[in-house]
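This report refers to the structure that appears directly beneath it.
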Amino acid sequence: MSYLELLRLAAPETGIVLTALVVLTVDLTSMRGLGLRMRFLVGGLLTLAGCAAAVAWMLVLPVQAPALAGMFVVNPLTQIVKVCLLGLVMAAVLVSLEAGFTRHPAEFLALLLFSSVGMMVLVSAADLLLIFVALELVSLPLYVLAGFDKESRRAAEAALKYFLFGATAAAFLLFGMSLVYGVTGATGLTAIGGVLGGQGVEPLLMVAVGMLTVGFGFKLAVVPFHLWVPDTYQGAPPASAAFIASGSKLACFFIFAKIMLLAFGAERLTGSADARALGGGWVSLLALLAALSMVLGNLAALVQSSVKRLLGCSAVAHAGYLLLGVLAHDESALAAVVYYATTYGLATIGAFGVVDLVEKQAGNDRRQGWVGFSRRAPLAALAMMIFLFSLAGIPPLAGFFGKFYLFAAALKTGGGSGELLWLVVLAVLMSVVSFYYYLKVLKWIYLAPPVDDSAPVASGQPSRMAQCVLLVIALAVIALGCFPNLLVGPLHAAR
Amino acid sequence: MNRCPVLTLLTLLPLVMGILVAGLRGQARLARQLALGSSLLSLGLMLGLWTAFDAASGELQFVERHEWIAALGVNYFLGVDGLGLLLALLTAVVTPMAMLASWRGGSRLSDAAASPGAGRSTNSPLYFALILFLQSGLFGTFTALNFFHWFLFWELSLIPAFFLIRLWGGPGRVAAANQFFLYTMAGSVALLLAFLALYLATGRFDFPALAELGHRGALAAALSERLGGFGLAAHQLVLVILGGVLFGFAVKVPLMPFHTWLPATYAEAPCGVTMLLTGLMSKMGLYGLIRIFLPLFSVPLGAPPVQNVLLVLAVITIVFSAAAAFAQRDLKRIFAYSSINHLGYCLLAIFAIGRSTTAPEFAVEKAAALNGVFLQMFNHGLTAATLFWCVALIEQRAGGLRGLNDFGGLRKVAPIFCGLMGIALFSSLGLPGLNSFVGEFLIFKGVFPLSPWAAACAVIGLLVTAIFILTIFQRVFHGPVNEKWTKFPDLTPGEIGLLLIPIALMFVLGLYPRLVLDVVNATAVQMVGQFGF
Amino acid sequence: MLAWTVYISFLGVLVLMLLPRGNAPAARWVALITAVAGLLVGGAGYAQFQPGKIQTVTRCSWVPALGLEYHLAADGVSLTLVLLTGLAALGGVLLSWNVEARTKEFFAFYFTLIGGVYGVFLSFDLFLLFVFYEIAIIPKYFLIALWGSTRREYGAMKLVLYSFFGSALVLIGLIALYVVAGARTMNVLELAQHPFPHGFQMWAFPLVFVGFAILAGLWPLHTWAPTGHVAAPTGASMLLAGVVMKLGAYGCLRVAMTLFPEGLEAWKTWVAALAVIGIVYGAMVALVQKDFKFVIGYSSVSHMGFVLLGLVTLNTIGLSGAVLQMFSHGIIAGLLFAVVGRMVYDRTHTRDLPALERLHLSRRMPFAAGTFVIAGMASMGLPGFSGFVAELQVIIGAWQAFPMLAVITGGGILIGVAYTWRALQKAFFGDAAEPAVAPGAEPAAAGDSASGQGLQVVSMPERLGAVLLIGASLLVGLYPQVLLRVIVPSFASPLFDWLRQGGSL
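Protein chains in written order, with the numbering used here: chain W, 6 to 500; chain Y, 32 to 564; chain L, 111 to 615.
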């Protein structure tokens, strides 16, 4: 295989890297004298253009081939996931256009793009080594992004926490991978699956799978590895938090599901009873984690007064729902995971965008900041309603179809025998709980009178552009909900 | 019978006029006249029907029948035989009387004026509108032959009656109206449930069809086949249903343990309304018993235990109500209990007719008893209404007082009034030559052979009735003139003229009962034939 | 054709949102036009309808990968409820004519709700049905919380959480049945032919049925209904009681009962018992309420008990009675709430029965009193009104299926008479209390005249709305054939194959 061929397969990634470089260069060379807002705008537009070009490339020129001896796989599925990813990136860029937290817009955007490249590679990776490298490529820019607001102590704290947890996770992950390699002698996912299918299960393998789960657990913000999430979401600049919550989640869930499916999937392990036991073992482990995430995430969110923390807790809960898709470990479940993660990411980005608006006006994201928001910014309030309802899973928004798709896929495991029924029931009931706290925020927006007259109530309207951006994202959420086939169709075809 | 739907017209006329009258806000006089005109028009229409009615036939006449709710087997089915015609005529006669009795705004109790909430005068348009609605309901009830709209009118008549009592009644009107309403509603619900069970068993709502089924004795089998749910035997199930239907009717008449609503209601209602209640609404129950209860349950009723229980109840009704009337000190309450007493004779006869026997000579007795019931219903309606009218006149003059002991020697100050009311009282007593005598005579004539012991016991009632009526004579008309009432005005010529009409009717019917009997006899004979014992 | 009921409603929402802020009259007229158009379309659908058919309105693929379809269709049951929705919506608009605060938002939420309701009644794809079902839930919260009265936020939150909990149960059931049936289709017509395993039906039926029945006010999960109804503004109460509760009952019939006949067979006695408890309990609680609106709120619980009872009688007459009762209760409850919320409360600013007793409303507002008398008569099931025919059929059905319960239900009807009559007298004809409080009469009288002079006359839109609803109730009461004609044959459709095989239908 020639490098040219590889370049052709990895053209979108390459394009994004180039975009990042261009953004940096342009900003450094020709825009020093312009205002911050303008610089952000130009940089953002360049970023958007680059992403759009990559998306267009993938949509127009579908390719399908493994590269680097199967380490790097490009197939319709990965392409779709990448398109989704880039969509999320674009949304994140859009909501950050008005961000005032930094004087280095180009660096911010470039880091965003580098991280995105990592995610794209991660999606295509089919080898433990490449997966690890890509994960690090995703994570390092994210650590920086989390602390990008240099004047905020909270952002620094958020970044530090995120970094420490992330580094620990990486260590676990690496340890687990090396154990897997030690047991199977392979790093390719399909190869591992093949080897495991033929031989009995060693206790060491159990440890290895446990390590992998812990490692990914940190990345995916699953209970009990979720402790960094609320702090990071609260402390990081909203734009960064939005990106952390959306893109990295989609990529990590995709690759985690893929590992579990290809390397340790029950279908591959039909060779021996032990192997099935292994499959059962990690299934029940993950099921426990999923249940814990859903329950703790939702219950913790109930008592939050800061909307960012609330979104953080709800992210934990949504990770729990998503684990259901991983648990189902078949291809249609993978599609459901992608759909869910994408729509969840979109809604989360939008919600963080609104939080950003509120914070800029009112100085905080607690109840006081939201009072009267529906009158100050009716469009943004409407958008927030749509995002939150999508997160809560109210039709006809995307979140609802995502839940339906995911839960149906989870139930289908085992041909409808319903092993995961209890989890689905728990998930649906927990979504009722989640509805309560999302509604609480909407109550602040639409109903709440000021707590007391002395506290200042924010005034002034957010810019029209910011509102329009949010509205566009909201429309995307509605469109994906009303016409799920936009995404489900290709996913289904790509399976 | 594709003639003019005259019975529908009869029913709709008061309804439409009632709506018109209710709309005449602030034009009380015009409204009253319109209402009276409407009721007289109904009377004219009824008299026309009376003459057009083929008395020789016991069949249903003026029948209208259209499919209504196909899914439920509900038909719009109207028709009258002698019974229906008689009661419709009674309705047409008593309604204008009631209106006239309320013409002057009726009586207000002295304390009513102090109460801002009670300042309603009975001459308001709404009052007359409600009477017209009530009349419509009564016409509907007496002409309907399908349970569905029969029940509609049965209930429809309840609402205006309730409001008439509730809004224009005496000081205890709230409790009285509610008691009246809930009692009759309870009866209606029982009736409804029972009829739904019957419908389920038979798929019919038409009375003639149901009667036919009862006649063949197929009811019990049909019921137990479709409704075996209680784990009861067929005849027990029939008894349950029978109980439901009986309860519904018995409340309205009333039969003794279910009568408690009546005295308070009659006493609290304004006199015009009491006339309607006693003269007409109580007949609804009797009508139901004859039209529906007897034919439908002729087989289970024939069983001696059932019949004996019912006869005992009827006798209790007769005797106790007479005794209770004797114990009362309020004229209205006295007449209320006497009303129960008089209707008790009807109940006695109806239950006695249910006796199962195949001997042909009993058919004649049964027909006689049934004729007696018809006659008694009409007579009681007339007499009781007249008596309550008289009480209304007393109340008007005495500022709302109507106690037995409040008066004395009225005969001297108001001879004309006392004479006329005396005639009505004698009619109520059952004096030969006046109307009630014939009916009661026929009833006893029929009941004695059918059930000697019951008839014998019931005679006690007659005796006590005589005692309390004479007591009224003694306390109110005779004796020393009460100082308060030396200025008690006698009747005005107009009042005399109006009151003379029912009084005259009493004489006519007393002396020439064939006027009614000729019309109803064929019906009575045919009914007895249909009961299928 | 019928699909336009949905589209028109959402179109109305769009137009309302685009209106300039503060232009209340324009919003009202847009709302009125939308409601009338919806009703007319429903009426046209009725005119075109062939009884006994399942008339497909729109059918196209939606998410082919999962077998989901955008499938709108109507049988007699749907059609009846669509007509009801049209009537209730129009009545609600007319009686919300006085909404001054944020008028356009009010009507926007209002018609979102209406659109969702229309959608539920017309959906023959369960996924689509659920989508519309949830669309109908959300606006309720805002309607109540923003424009409501007494404890509105509490009432709204309780109502929405109950609804959402119910729909969560339904969602679990829907996903499960979708997967069990092979994850190929959500079309109710096809699913109705699928033999679900017995064990599955045994747990799925109660799940789905209860999920829907929460919205139908099934005892003991009814408690959202009174508080929600009381807190809601008049128009919203009318819709809540009028059509939203019907969503639940409709769901029970369309989903739980048609798909899980064996589960139904096993659980029906329980459901019937709960329904009857609801009838009696709701009536008894209504009998002791001091708040006028709570009386009506609990009466809804009681009346919806009839619907549920009729549904589980499983015979044609009981089922069609249940559907008719849905229609009837929708109209009558709307009317009652209109009188209580709009005519009385908006003028006197009290719903306390003892307080109303002193106001002599029957003379101050004869129209309101007359309307309430008629509505009360209809509500207590007097013949001539729609409620009678419906309850009649339900009880006939119940006699056949559960004779004992039918008798208890009779007691419930009687209590129904009692509470309606009690409320009527206290609220409008409250003159009896006067002599008793004669010493203190003067301040009361002074208060009377002060608060009494200001009572506005009943306005034209209110009159129109009341007359519309009374007319509908009378029409159906006197000539029920107008609806039974389409309802009864619809139980012969293949949808109800399973129930028929159960024997009784």
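Where is the CB? At the ideal position from N, CA and C, for every residue including glycine.
As the structure is a computational prediction, the values presented were derived from the model and not from experiment.
Can you tell me which of L/Gly415, L/Gly392, L/Met414 puts its alpha carbon nearest to the alpha carbon of L/Val405?
Here residue 405 of chain L refers to the residue found at position 295 of the third sequence. With distances taken between Cα atoms, L/Val405 lies closest to L/Gly392.
Using the beta-carbon of each residue, which ones in chain A are nearer than 7 Å to Y/Val220?
In the displayed structure, chain A is absent; the protein chains listed are W, Y and L.
Does DSSP put L/Thr168 in a helix, in a strand, or in coil?
Here residue 168 of chain L refers to the residue found at position 58 of the third sequence. In the three-state reduction of the DSSP assignment, L/Thr168 falls in the strand class, which pools E and B.
Give me the residue from L/Trp329, L/Leu205, L/Pro513 with the minimum Cα distance to L/His413.
Taking the third sequence and counting its residues from 1, the one referred to as residue 413 of chain L is at position 303. Relative to L/His413, the option among L/Trp329, L/Leu205, L/Pro513 whose CA is nearest is L/Trp329.
For L/Val227, would you say it is in contact with chain Y, using Cβ-to-Cβ distances shorter than 8 Å as the test?
In the third sequence, counting from the first residue as 1, residue 227 of chain L sits at position 117. Chain Y, which has no Cβ nearer than 8 Å to the Cβ of L/Val227, makes this no.
Compute the Euclidean distance between the alpha carbons of W/Ile197 and W/Ala268, then round it to the nearest angstrom.
Taking the first residue of the first sequence as 1, we reach residue 197 of chain W at position 192. Taking the first residue of the first sequence as 1, we reach residue 268 of chain W at position 263. Those two C-alpha atoms are separated by around 5 Å.
According to the neighbour-count rule (16 or more other Cβ atoms, all chains shown, within 10 Å of its Cβ), is L/Met570 buried or exposed?
Counted from its first residue, the third sequence places residue 570 of chain L at position 460. So L/Met570 counts as exposed.
Please report the distance separating the alpha-carbon of L/Phe482 from that of Y/Leu293.
Residue numbering aside, residue 482 of chain L sits at position 372 when the third sequence is read from its first letter. Residue numbering aside, residue 293 of chain Y sits at position 262 when the second sequence is read from its first letter. L/Phe482 and Y/Leu293: Cα-Cα distance of roughly 27 Å.
Please name the residue in L/Thr458, L/Leu150, L/Gly177, L/Gly388 whose C-alpha comes closest to that of L/Phe538.
The sequence position of residue 538 of chain L within the third sequence is 428, counting from 1. For L/Phe538, the nearest C-alpha among the options comes from L/Thr458.
Taking Cβ-Cβ distances below 9 Å as the criterion, which residues of the stretch 588-602 of chain L are in contact with chain Y?
Leu588, Tyr589, Pro590, Gln591, Leu594, Arg595, Ile597, Val598
Using DSSP bridges, identify the partner residues of Y/His97.
Here the question's residue 97 of chain Y lines up with position 66 in the second sequence. In DSSP, Y/His97 forms a bridge with Y/Tyr107.
Own chain residues within Cβ distance below 6 Å of L/Ile247, not counting five before or after
Taking the third sequence and counting its residues from 1, one reaches residue 247 of chain L at position 137. Contacts found: Ser273.
Interface flag, Y/Ile162 vs chain L, CB-CB below 8 Å:
Mapped onto the second sequence, residue 162 of chain Y falls at position 131. With 8 Å as the cut-off, Y/Ile162 does not count as an interface residue toward chain L.
Do three or more CB pairs link the stretch 32-48 of chain Y to the stretch 104-123 of chain Y at distances below 8 Å?
yes
Could you tell me the distance, in whole angstroms, from the CA atom of L/Val592 to the CA atom of L/Val586?
Numbered from 1 along the third sequence, position 482 holds the residue referred to as residue 592 of chain L. Numbered from 1 along the third sequence, position 476 holds the residue referred to as residue 586 of chain L. L/Val592 and L/Val586: Cα-Cα distance of roughly 7 Å.
Alpha carbon to alpha carbon, how far is L/Ala516 from Y/Leu223?
Reading the third sequence from its first residue, position 406 is the one you call residue 516 of chain L. Reading the second sequence from its first residue, position 192 is the one you call residue 223 of chain Y. If I take the Cα positions, the gap works out to 11 Å.
Proximal residues of chain W, C-beta to C-beta of L/Glu263 below 8 Å
On the third sequence, position 153 is the one that residue 263 of chain L refers to. What L/Glu263 touches in chain W: Lys448, Leu452.
Closest Cα partner of L/Ala582 within the set L/Ile518, L/Gly494, L/Gln158:
Translated into positions along the third sequence, residue 582 of chain L becomes position 472. Among L/Ile518, L/Gly494, L/Gln158, the Cα nearest to that of L/Ala582 belongs to L/Gly494.
When you compare the CB positions of W/Ala388 and W/Leu475, do they come within less than 8 Å of one another, or not?
Residue mapping note: residue 388 of chain W aligns to position 383 of the first sequence, counting from 1. Residue mapping note: residue 475 of chain W aligns to position 470 of the first sequence, counting from 1. For W/Ala388 and W/Leu475, yes; Cβs fall inside 8 Å.
When the Cα of W/Cys473 is compared with those of W/Ala174, W/Ala161, W/Ala382, W/Ser183, which residue comes out closest?
Taking the first sequence and counting its residues from 1, the one referred to as residue 473 of chain W is at position 468. The shortest Cα separation from W/Cys473 among W/Ala174, W/Ala161, W/Ala382, W/Ser183 belongs to W/Ala382.
Given that Y/Glu186 touches chain L, what residues does it touch there, using C-beta distances under 7 Å?
Position 155 of the second sequence holds residue 186 of chain Y. Chain L residues near Y/Glu186: Leu492, Pro493.
Hey, is W/Ala413's beta-carbon within less than 8 Å of any beta-carbon in chain L?
Taking the first sequence and counting its residues from 1, one reaches residue 413 of chain W at position 408. Taking Cβ atoms only, chain L reaches closer than 8 Å to W/Ala413, which makes this a yes.
So, helix, strand or coil for Y/Gly434, using DSSP?
Taking the second sequence and counting its residues from 1, one reaches residue 434 of chain Y at position 403. Strand, per DSSP.
Mind checking which residues open and close the alpha helix (DSSP H) that includes W/Pro71?
Here residue 71 of chain W refers to the residue found at position 66 of the first sequence. Per DSSP, W/Pro71 is not a residue of any alpha helix (DSSP H); the beta strand (DSSP E) it occupies stretches across 70-72.
Tell me the rounded alpha-carbon separation between L/Gly258 and W/Ala161.
For this step, residue 258 of chain L is matched to residue 148 along the third sequence. For this step, residue 161 of chain W is matched to residue 156 along the first sequence. A straight line joining the alpha-carbon of L/Gly258 with that of W/Ala161 spans about 46 Å.
Runs of alpha helix (DSSP H) wholly within the stretch 407-475 of chain Y (minimum 4 residues, chain order)
441-444, 446-460
Starting from the beta carbon of W/Phe392, find every residue of chain L whose beta carbon is closer than 7 Å, and list them in chain order.
Indexing the first sequence from 1 puts residue 392 of chain W at position 387. The contacting residues do not exist; W/Phe392 stays about 14 Å from chain L at best.
Coarse secondary structure for L/His339, derived from DSSP in three states:
Along the third sequence, read from residue 1 onward, the residue named residue 339 of chain L stands at position 229. In the three-state reduction of the DSSP assignment, L/His339 falls in the helix class.
Tell me, please, whether the stretch 333-343 of chain L touches the stretch 374-386 of chain L by the rule of three or more beta-carbon pairs shorter than 8 Å.
As far as the Cβ criterion goes, the stretch 333-343 of chain L does not touch the stretch 374-386 of chain L, which means the pair count is below three.
Cβ-based burial, L/Val622 [other Cβ within 10 Å; buried from 16]
Any question about residue 622 of chain L goes unanswered here, given that chain L covers just 111 to 615.
Applying the 10 Å Cβ sphere with the 16-neighbour rule, what's the burial state of W/Ser245?
To locate residue 245 of chain W, count along the first sequence from 1; it is residue 240. When all chains shown are included, W/Ser245 counts as buried.
Jot down the residue ranges of each uninterrupted alpha helix (DSSP H) in the stretch 116-157 of chain W, minimum 4 residues, whole runs only, in chain order.
133-151
Taking L/Pro174 as the query, report the chain W residues whose CB atoms sit under 9 Å from its CB, ordered along the chain.
The count along the third sequence starts at 1 and reaches residue 174 of chain L at position 64. The contacting residues are Asn490, Val493, Gly494, His497.
Roughly how many angstroms separate the alpha carbons of Y/Ala363 and Y/Ala298, rounded to a whole number?
Here the question's residue 363 of chain Y lines up with position 332 in the second sequence. Here the question's residue 298 of chain Y lines up with position 267 in the second sequence. Before going on, a small fix: residue 363 of chain Y reads as Lys here, not Ala. Cα to Cα, the separation comes out at about 5 Å.
Tell me whether the beta-carbon of Y/Arg433 lies closer than 8 Å to the beta-carbon of Y/Asp521.
Here residue 433 of chain Y refers to the residue found at position 402 when the second sequence is read from its first residue. Here residue 521 of chain Y refers to the residue found at position 490 when the second sequence is read from its first residue. Cβ atoms of Y/Arg433 and Y/Asp521: not closer than 8 Å.
Taking Y/Tyr318 as the reference, give the member of Y/Leu465, Y/Ala240, Y/Leu169 with the closest Cα.
What you label residue 318 of chain Y is simply residue 287 of the second sequence in a count that begins at 1. It is Y/Leu169 whose Cα lies nearest to the Cα of Y/Tyr318.
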